[in-house]
Structure formats: structure tokens, C-alpha cells
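What follows is a short report on a single structure.
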Amino acid sequence: CCKPGMIARRDVKECSCVYPVSLALTLLNVSFASNWSVVFQRELGFQLGLNDSQMEISSFNVFGFSQVNISMDIAPLVGISFSAREAYTMNYTLVMHKVHFDPSIATDYKLVNFTWFKPPAHAP
């Protein structure tokens, strides 16, 4: 029900589409405890100022013994898109490695991709 570049808002019964931020991260030295992905998502969300309901892991792949590539979409809590300031702040926080995980989950990460989807500009 959503246009290209949009995702359906989670936990909503009717079709409610938003423009997300899409992330791809490589997690290093991952400990595969039984709930590692839940703890990872909670820690990442907290440090980016997000609610758990805004984040959805779309895929993850394990490489070797301790590396994981994770792709996820982050939906705005209100409105149909993140503001430029919100997107910049998330990107800056990740690029500058201001996110720190509990070492029992992962020791570090690499930001592979950060894409901010936004509505098309209105025609004049």
C-alpha cells in the first residue's frame, strides 16, 4: 500500500506509510546470547533517542564467528518523515561512533549505509 521509498508504520492496522531512515551496520565481535538482537536494538534506539516501536530489523547476516551485518528501517514517531535535524543528528551520532554497546553484545560497529528517505519537494 506504500509508495516507493516508504514503509508501513508498525503497529497500525490500516495502511499508514512513512518515509524512513534506512541503516546498514556491521557489528563486530558479536556475542550471540539468546536475546542479543533485542538488547542491541534497545541500546541503539536509546542512544539515538528512539522508541523500540520505531525500529525494525529487515535483515541480518552472520559472517565468520562474530560479525553480523544488520539492515533496519527507522520510522518517524510523528509525521511522515524525519526532519533534516533529526536525520543529521542520527547520522552524526553513528558516524562519530557516539553509540556504544554493552561489550557482552558487540564491541564495535561500522556504519555501512545511512539513507534518509524524504517526501518529494512540492512543485512551485
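Numbering (full-length UniProt numbering) for the sequence shown: 1 to 124. Every residue, glycine too, gets a C-beta built ideally from N, C-alpha and C. Keep in mind that this is a model prediction, so the values were computed, not measured.
Practice item. For residue 71, write down the residues that DSSP places opposite it in a beta bridge. Key: Per DSSP, 24, 59.
Exercise for review: Could you tell me the distance, in whole angstroms, from the CA atom of residue 48 to the CA atom of residue 1?
Suggested key: Straight through space, the alpha carbons of residue 1 and residue 48 are spaced by roughly 28 angstroms.
Point to revise | Candidates 54, 45, 57, 37, of which the one nearest residue 93 by Cα | key: Here the closest residue by C-alpha is 45.
Practice item. Using 10 angstroms around the beta-carbon of residue 55, count the other beta-carbons present and answer buried if the total reaches 16, otherwise exposed. Key: Result: buried.
Review point. Going along the chain, which residues of its own chain have a beta-carbon closer than 7 angstroms to the beta-carbon of residue 116, five neighbours each way excluded?
Key: The answer, listed in chain order, is 21, 82, 87.
Review point. Hey, would you say residue 7 sits closer than 8 angstroms to residue 37, going by beta carbons?
Key: No, they are not a contact pair.
**Study point:** Same chain, Cβ closer than 7 angstroms to residue 75, neighbours up to 5 away in sequence not counted
**Key:** Correct list, in chain order: 7, 9, 10, 18, 20, 54.
Exercise for review: Consult DSSP for residue 108 and reduce its assignment to one of helix, strand or coil.
Suggested key: Residue 108: strand per DSSP, three-state reduction.
Check your understanding: For residue 80, which residues from the same chain have a beta carbon less than 7 angstroms from its beta carbon, with the 5 sequence-adjacent residues on both sides left out?
Key -> Excluding sequence neighbours, residue 80 sits near 18, 19, 119.
Point to revise | Proximity to residue 95 [Cα-Cα], best of 15, 67, 121, 108 | key: The shortest C-alpha separation from residue 95 is found at 108.
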